[in-house]
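Accompanying notes for the structure given below.
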Amino acid sequence: MSVYEVIALRYATHERPASANLLYAPPDGDPHDAAMPIDYFVWVIRNDERVVVVDTGFDWPACEAYGRTMLRHPVEGLRALGIDPATVRDVIVTHLHYDHAGNLSAFPHATFHLQDAEMAYATGRCMCHARLRGAFSVEDVCTMVRRVYEGRVAFVDGTGEIAPGITVHAVPGHTRGLQCVRVETARGPVVLASDAAHFYANLAQQNPFPIVVDVAAMMESWRILARLAGDPERIVPGHDPLVMARYPRHPKTEIEAVLLHRPPQDPA
Numbered sequence: 001m002s003v004y005e006v007i008a009l010r011y012a013t014h015e016r017p018a019s020a021n022l023l024y025a026p027p028d029g030d031p032h033d034a035a036m037p038i039d040y041f042v043w044v045i046r047n048d049e050r051v052v053v054v055d056t057g058f059d060w061p062a063c064e065a066y067g068r069t070m071l072r073h074p075v076e077g078l079r080a081l082g083i084d085p086a087t088v089r090d091v092i093v094t095h096l097h098y099d100h101a102g103n104l105s106a107f108p109h110a111t112f113h114l115q116d117a118e119m120a121y122a123t124g125r126c127m128c129h130a131r132l133r134g135a136f137s138v139e140d141v142c143t144m145v146r147r148v149y150e151g152r153v154a155f156v157d158g159t160g161e162i163a164p165g166i167t168v169h170a171v172p173g174h175t176r177g178l179q180c181v182r183v184e185t186a187r188g189p190v191v192l193a194s195d196a197a198h199f200y201a202n203l204a205q206q207n208p209f210p211i212v213v214d215v216a217a218m219m220e221s222w223r224i225l226a227r228l229a230g231d232p233e234r235i236v237p238g239h240d241p242l243v244m245a246r247y248p249r250h251p252k253t254e255i256e257a258v259l260l261h262r263p264p265q266d267p268a
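Residue 119 in the UniProt record's numbering sits at position 119 of the sequence shown, with consecutive numbering throughout.
Printed below as a string of structure tokens:
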């Protein structure tokens, strides 16, 4: 069985209140005045045989347009990890929101793995609604369409194997075609939830992130995450600063990165 190391690379952050991250006020109090910052990640899956990048982050223009704080451009972060994007052959795009699907041109030889439903969602009638298209960059979506015409997009319908020990699974709700990634590691299967769960609190409180096209589907997707991981400690949310606190730091301490294939130091 192939096993991998999995690295979460933090590339940006943004200060915001809890009310921006939880759809419903929790029953034990009003969180609206509490600070609850959001972090932005790309992920690396690798072993001696292959390197797979999960999501590509946003670029400087998007950072400025959305008012985020860039810590290190994700492409530069990958290079700091010893990964030349030009040599990457497989990129999993969990969904097409601006913070997950920018910088596509930095991977000139990659095949992009994407759910059928996500391309249909990002180019179909839902984008006629400003609230639903707000987190999409039309430039990034058009770039992905061009990659389709270049024969460089591998579409997935639900569940698919990217390589031995690496699978993707549809977890709709946040978008129509969101997918999570399940990776075999020495500590068991690690599930990169991406935006199926932005924060540990979304799962713990069963309280969705407010950017959601289908609340019921999102809640059902939490069950999929649990089944795939087999242990809640192996579910990694997509935007939670606690990920950086709970997992061991990468040996290159100047890089904002943690090792997800190692057990958490502070279990969730």
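Don't be surprised by glycine CBs; every beta carbon is placed ideally from N, CA and C. Quick caveat: nothing in here was measured; it's all calculated off a predicted structure.
Its chain contains 89, 90, 91, 152, 153, 154 as the residues whose beta carbon lies nearer than 8 Å to that of residue 111, once the 5 sequence neighbours on both sides are disregarded; these appear in chain order.
Bounds of any alpha helix (DSSP H) do not take in residue 160; it lies within the beta strand (DSSP E) bounded by 159-163.
Under the criterion of beta carbons closer than 8 Å, residue 55 and residue 43 qualify as touching, at roughly 7 Å. Secondary structure of residue 219 (DSSP, three-state): helix. For residue 128, there is no enclosing alpha helix (DSSP H), as DSSP gives it neither H nor E. In this structure, the straight-line span from the alpha carbon of residue 5 to that of residue 71 is close to 23 Å. Beta-bridge annotation (DSSP): residue 70 is paired with 12.
DSSP places residue 167 in no alpha helix (DSSP H) but in the uninterrupted beta strand (DSSP E) bounded by 166-170. With the rule of 3 Cβ pairs closer than 8 Å, the stretch 9-16 does not count as touching the stretch 170-183. Under the 8 Å Cβ criterion, the stretch 64-80 counts as touching the stretch 251-258, having at least three qualifying pairs.
Segment contact: the stretch 105-123 against the stretch 189-208, fewer than three CB-CB distances shorter than 8 Å; contact not assigned.
Between residue 115 and residue 25, the CB-CB gap reaches or exceeds 8 Å.
In the three-state DSSP reduction, residue 224 falls in the helix class (H, G or I).
From the listed residues 61, 241, 102, 261, the smallest Cα separation to residue 188 is found for 261. The continuous beta strand (DSSP E) containing residue 114 extends over residues 111-115. The beta-bridge partner set that DSSP reports for residue 97 consists of 136. Per DSSP, residue 46 is one residue of the beta strand (DSSP E) stretching across 38-46. The DSSP-derived three-state label of residue 35 is strand. In the DSSP annotation of this structure, residue 104 is not part of any beta strand (DSSP E), being labelled neither H nor E. For residue 100, same chain residues with a beta-carbon under 6 Å away, outside a window of 5 residues either side, are 55, 94 in chain order. Burial is judged here by how many other beta carbons sit within 10 angstroms of a residue's own beta carbon; residue 97 has at least 16 and is buried. By the Cβ neighbour-count rule, residue 185 is buried, with 16 or more other Cβ atoms within 10 Å of its own. Per DSSP, the beta bridge partners of residue 194 are 237. Relative to residue 48, the option among 57, 142, 164, 122 whose CA is nearest is 164. For residue 62, the closest C-alpha among the options 136, 8, 208 is that of 136.
Residue 167 is classed as buried because its beta carbon has at least 16 other beta carbons within 10 Å across all chains shown. The C-alpha of residue 102 lies about 31 Å from the C-alpha of residue 265. Just measuring C-alpha positions, the residue of 73, 23, 144 sitting nearest residue 214 is 23. If you look at residue 259, you'll find it in the beta strand (DSSP E) that goes 257-259.
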